[in-house]
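Asker: Before anything else, here's the structure in question.
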Amino acid sequence: MKKVFLGILMAAAMISCEKTTQAKDFKTAYIDTNKLLEESTEAKDLKAKYEGIAQEKGSRLKVEVDRLKAEQSSFAGNAQKNGQAWAQQKYGELQQRQQEIQYAEQMISQQIQGEHGVEMDSLVSRYRKIIKEYGKEKGYDYVYGTGESATVLYAKDQYDITKEIVKLVNDKYKSEGKKEEKPAAKKEEKKK
2 MKKVFLGILM AAAMISCEKT TQAKDFKTAY IDTNKLLEES TEAKDLKAKY
52 EGIAQEKGSR LKVEVDRLKA EQSSFAGNAQ KNGQAWAQQK YGELQQRQQE
102 IQYAEQMISQ QIQGEHGVEM DSLVSRYRKI IKEYGKEKGY DYVYGTGESA
152 TVLYAKDQYD ITKEIVKLVN DKYKSEGKKE EKPAAKKEEK KK
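Numbering (our numbering), first residue to last: 2 to 193.
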């Protein structure tokens, strides 16, 4: 009985040792996803694009806001001259315009956030595919992500492949940009 028990114990020990050796054979790495999005050219371009759109649309509204403020400041003086009925009517008009401007600001903000969100989701999806291909090509068993939703709480710096991935996505973005520019140039040449 003791020999059987000892034999089972030895077999279990050997199996557990085998699993430990297999676990050491895993090749893993991690990517700082925040850094990837901060340093990649395409993400920077996307951010700049939507900041420009927001600024352009915001400047159009600023003209309306300035016009409304000018009318509001002259309202007090004109209210005494034109009477209470005029003042109430004008006050109602000014409030309505202010609400319309606020509504327009909200709509513009929501539109920009929506469009930016869709493009960022697409960008993140492309980056995931690139990282997956890179991981397969380099023989990684796991590639983890760190950042806001941290899946890695600690890892040695030697496992950080963020710089390599940033370079890879920037190179792909540049090469795709060049591919898109060439057909446009050919179309212009044909028109001439």
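Glycine residues also receive a C-beta, built at the ideal position from the N, C-alpha and C atoms. Treat the numbers as computed from the prediction; the structure is a model and nothing was measured.
1. Quick check: what's the CA-CA separation for residue 78 versus residue 49?
2. Where in the segment 30-65 do unbroken runs of the beta strand (DSSP E), each at least 3 residues long, occur, reported from the N-terminal end onward?
3. Can we say the segment 103-114 touches the segment 146-158, given the rule of at least three CB pairs closer than 8 Å?
4. If contact is defined by three or more beta carbon pairs under 8 Å, each pair taking one atom from either stretch, is the segment 116-129 in contact with the segment 69-77?
5. Could you tell me the alpha carbon to alpha carbon distance between residue 59 and residue 110, rounded to whole angstroms?
6. Nearest to residue 65 by CA position, among 172, 128 and 99, is which residue?
7. Could you check how far apart the C-beta atoms of residue 32 and residue 132 are, in whole angstroms? I think they sit under 8 Å.
8. Along the chain, where does the beta strand (DSSP E) containing residue 144 start, and where does it finish?
9. Given a threshold of 16 other Cβ atoms within 10 Å of its Cβ, counted over all protein chains shown, does residue 1 qualify as buried or as exposed?
10. Under a three-way DSSP split, which group does residue 158 fall into?
11. If you run the structure through DSSP and keep just helix, strand and coil, what is residue 22?
12. Identify the continuous alpha helix (DSSP H) that holds residue 126 and give its terminal residues.
13. Could you tell me the distance, in whole angstroms, from the CA atom of residue 97 to the CA atom of residue 51?
14. Can you grab the Cα-Cα spacing for the pair residue 29 / residue 154, in whole Å?
15. Buried or exposed: residue 152, going by 16 or more other Cβ atoms within 10 Å of its Cβ?
16. Can you tell me whether DSSP reads residue 176 as helix, strand or coil?
17. Can you look up residue 153 in the DSSP assignment and give me helix, strand or coil?
Answerer: Looking at the coordinates:
1. Taking the straight line from one Cα to the other gives about 44 Å.
2. none
3. No, the segment 103-114 does not touch the segment 146-158.
4. no
5. Taking C-alpha positions only, residue 59 is separated from residue 110 by approximately 9 Å.
6. 99
7. 7 Å
8. 143-147
9. Since the first and last residues shown for the chain are 2 and 193, residue 1 lies out of range.
10. helix
11. Note that residue 22 scores a pLDDT of 44, beneath 50, so its modelled location is shaky; the value from the coordinates is reported in the next line. Of the three classes helix, strand and coil, the one that applies to residue 22 here is helix, per DSSP.
12. 85-139
13. In this structure, the alpha-carbon of residue 97 lies about 29 Å from that of residue 51.
14. 14 Å
15. exposed
16. helix
17. coil
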